[in-house]
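**Q** What the sequence shown shows, in the working numbering, is residues 1 to 104, in sequence order.
Just so you know, even glycine gets a beta-carbon here, dropped at the ideal spot from N, CA and C.
If you scroll down you'll find the structure; I have some questions about it.
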Amino acid sequence: MAAIVVFEPGVDWTAGGGVFEWTLEYLIRHVTDAAAAERLREIVDNNLGSLWLDDFDDEARQEILDALSTGLVEEAEQDLPETDHKKPTLENLQELAALAQSAT
Numbered sequence: 001m002a003a004i005v006v007f008e009p010g011v012d013w014t015a016g017g018g019v020f021e022w023t024l025e026y027l028i029r030h031v032t033d034a035a036a037a038e039r040l041r042e043i044v045d046n047n048l049g050s051l052w053l054d055d056f057d058d059e060a061r062q063e064i065l066d067a068l069s070t071g072l073v074e075e076a077e078q079d080l081p082e083t084d085h086k087k088p089t090l091e092n093l094q095e096l097a098a099l100a101q102s103a104t
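The structure is reproduced here in structure tokens:
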């Protein structure tokens with residue numbers, strides 16, 4: 001199942017469901033805004049498959065963007081298993097980090 005992170009209309013990132021879920025679990029560990037973490041958990045628990053950053057207030061949105069643009073790829077390098085899919089997954093996460101960086 002494909003999943004999507006929407007930064008704004010026309011600017012989004014897509015990934016397989018497992019990579020999307022890993023990314024949201026990463027965000028849950030790194031955001032301090034309780035309401036944002038709860039919303040992220042709801043998306044994961046209900047397999048909703050989409051994260052719209054405009055659904056968050058400015059402060060939470062910025063915290064999510066900061067978490068995506070700093071540390072995401074490094075943590076994935078450490079956390080993801082060594083498989084044939086690791087390199088393309090890391091490249092996909094690098095695209096997400098770059099989108100987040102340009103949105104900050």
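Pick helix, strand or coil for Ser55, following the three-state DSSP scheme.
**A** Inspection of the sequence shows that residue 55 is occupied by Asp rather than by Ser. Looking at Asp55 - three-state DSSP - the assignment turns out to be helix.
**Q** Which parts of the stretch 14-93 are runs of the beta strand (DSSP E), unbroken and 3 residues or longer, counting only runs that do not cross its ends?
**A** Within the stretch 14-93, the complete beta strand (DSSP E) runs of at least 3 residues are 50-52.
**Q** Is Glu82 buried or exposed, if buried means 16 or more other CB atoms sit within 10 Å of its CB?
**A** Looking at its Cβ environment, which holds fewer than 16 other Cβ atoms inside 10 Å, Glu82 is exposed.
**Q** Does the distance from the CB of Leu51 to the CB of Ile43 come in under 8 Å?
**A** Cβ atoms of Leu51 and Ile43: closer than 8 Å.
**Q** Based on DSSP bridge pairs, tell me the residues matched to Ala3.
**A** Partner(s): Ala15.
**Q** In chain order, what residues of the same chain lie with their CB nearer than 7 Å to the CB of Phe7, ignoring the 5 residues before and after it?
**A** The residues are Leu53, Leu99, Ala103.
**Q** Do Tyr26 and Leu72 have their beta-carbon atoms positioned less than 8 Å apart in this structure?
**A** Cβ atoms of Leu72 and Tyr26: closer than 8 Å.
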